[in-house]
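One structure is given below, encoded as structure tokens.
2 protein chains.
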Amino acid sequence: MKTPTTLEALIQALRCLPGVGPKSAQRMAYHLLQRDQAGAGHLASALVDALTRIRHCNRCNTFTELEVCELCANPARDHRTLCVVETPADLLMMEQTLAYGGLYFVLMGRLSPLDGIGPREIHLDRLLNRAQDGMIEEVILATNFTVEGEATAHYIAESLRSLGIRSSRIARGLPVGGELENVDSGTLAQAMVERRAL
Amino acid sequence: MKTPTTLEALIQALRCLPGVGPKSAQRMAYHLLQRDQAGAGHLASALVDALTRIRHCNRCNTFTELEVCELCANPARDHRTLCVVETPADLLMMEQTLAYGGLYFVLMGRLSPLDGIGPREIHLDRLLNRAQDGMIEEVILATNFTVEGEATAHYIAESLRSLGIRSSRIARGLPVGGELENVDSGTLAQAMVERRAL
Ligand SMILES: [Zn+2]
Ligand SMILES: [Zn+2]
């Protein structure tokens, strides 16, 4: 028997999800068709909504439906400090610590030359412009303590230094090789307090 | 910061996929938005296509885009033998063994009273009608060797017996508790050969 083309296409399309191989894509497709057609419909429209409505904040580059996200537009935040993180998930982790009241810049990645991710892909120009807005007094580099995250922090620190802008690095309270997403709030808060100048 | 509503909706919608919890749904959403918007678009349209085009074969109940699937419509198959499997994935596994040339009936599940899955949900009436078409000489029960799969096989065997229809069970060549999907073709082929009358 030939699997129907539409079903094959769905199984193939599900493989765009990270961590989903051929077997689990097949299981997902069958599950949706057999048990959760309503869920499949919601997922399809949620994807379309996300693709049409979600954009990057003009200031911090995180995902938002606005030109400038609520956090960047909030006058109660400390507009003198800019915390640089790799992903929106890291931004949310940082917010959960309640240890930081400043602004953010989200790289949407980390330097990874082998994957073709260079300064342009992490929006370095926008970050440097952002850091030169006349308000920012300190840039805190909160990329992961992985090899790539460290390299990214040092590259950004050098770029900022050449513009005469101070930067600091959150403390290595995180385990070496650790990622912000998988760390408890307390450790991350401590790492924030113990940040050191670069 | 509030996560944008559209993003929250996408993360929530991704959780309809089996095995996807809050953390991996978030990772999937970020991945699609950051790295694979084309993939997200394909997935959305593949879901819509699947929901609109895929239906159940009138004869074997598997997924198809036709009224009667290609396998059921194939005159070269042995139309005297009906193999009952739980899912379309099991049907494909069976086809891969090349050990079987007859027809199928796909239950789209197994009896599971605690989950509210009874004879109606596994389409027992349609199976019994199908088995009484005048052509079928043997029904082979190839449900899984799990507790529920065994109970399903015995329930179907009893129902068929009361209509005077013979059934057989594939051999327990599969490990106890084993599922067809996770077994190699050789073991499954052997189990098919050694099927016993019920
Ligand atoms: Zn922003
Ligand atoms: Zn069919």
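Sequences listed follow chains A and B, in order. Just so it is clear: in the first sequence, position 28 is 28 by the working numbering, and no numbers are missing. Just so it is clear: in the second sequence, position 112 is 112 by the working numbering, and no numbers are missing. Ideal Cβ placement from N, Cα and C applies to all residues, glycine included.
For Thr152 of chain A, the closest alpha carbon among the candidates A:Glu138, A:Glu137, A:Gly164 and A:Ser168 is that of A:Ser168. The stretch 74-159 of chain B is shown to contain whole beta strand (DSSP E) runs of 3 or more residues at 78-85, 102-106 and 138-141, in chain order. For the pair Gly102 of chain A and Val193 of chain A, the Cα-to-Cα distance works out to about 13 Å. As the crow flies, the alpha-carbon of Gly21 of chain B is around 18 Å from that of Gln26 of chain A.
By a beta-carbon distance limit of 8 Å, Ile165 of chain B contacts Val139 of chain B. Their separation comes to about 6 Å. If you draw a straight line from the Cα of Leu124 of chain B to the Cα of Leu82 of chain B, it comes to about 14 Å.
Ranking A:Ser159, A:Gly19, A:Met93 and A:Ala40 by CA distance to the CA of Tyr104 of chain A puts A:Met93 first. Note on Val85 of chain A: 16 or more other CB atoms within 10 angstroms of its CB, so buried under the neighbour-count rule.
Relative to ligand 2, the nearest heavy atom lies less than 7 Å away from the CB of Val68 of chain B. The residue from B:Glu137, B:His56 and B:Asn74 with its alpha-carbon nearest to that of Leu66 of chain B is B:His56.
Looking at the DSSP output, Thr64 of chain A shares a beta bridge with A:Arg55. The beta-carbon of His79 of chain A is placed no less than 8 Å from the nearest beta-carbon of chain B. Assignment of Ser45 of chain B by DSSP, reduced to helix, strand and coil, places it in the helix class.
Taking the Cα positions, Cys16 of chain B is about 43 Å away from Asp133 of chain A. Around Asp184 of chain B, the same chain offers no residue with a beta carbon nearer than 7 Å, after the five sequence neighbours per side are excluded. Taking 8 Å as the CB threshold, Ser24 of chain B lines the interface with chain A.
Against chain B, the CB of Ile54 of chain A has a partner CB under 8 Å away; the residue lies at that interface. For Arg161 of chain B, the secondary structure class from DSSP, reduced to helix, strand or coil, is helix. Secondary structure at Arg166 of chain A: coil, using DSSP grouped into helix, strand and coil.
Of all residues in the stretch 33-44 of chain B, those with a C-beta nearer than 9 Å to a C-beta of chain A are Leu33, Gln34, Arg35, Asp36, Gln37, Ala38, Gly39, Ala40, Gly41, His42, Leu43 and Ala44, reading in chain order.
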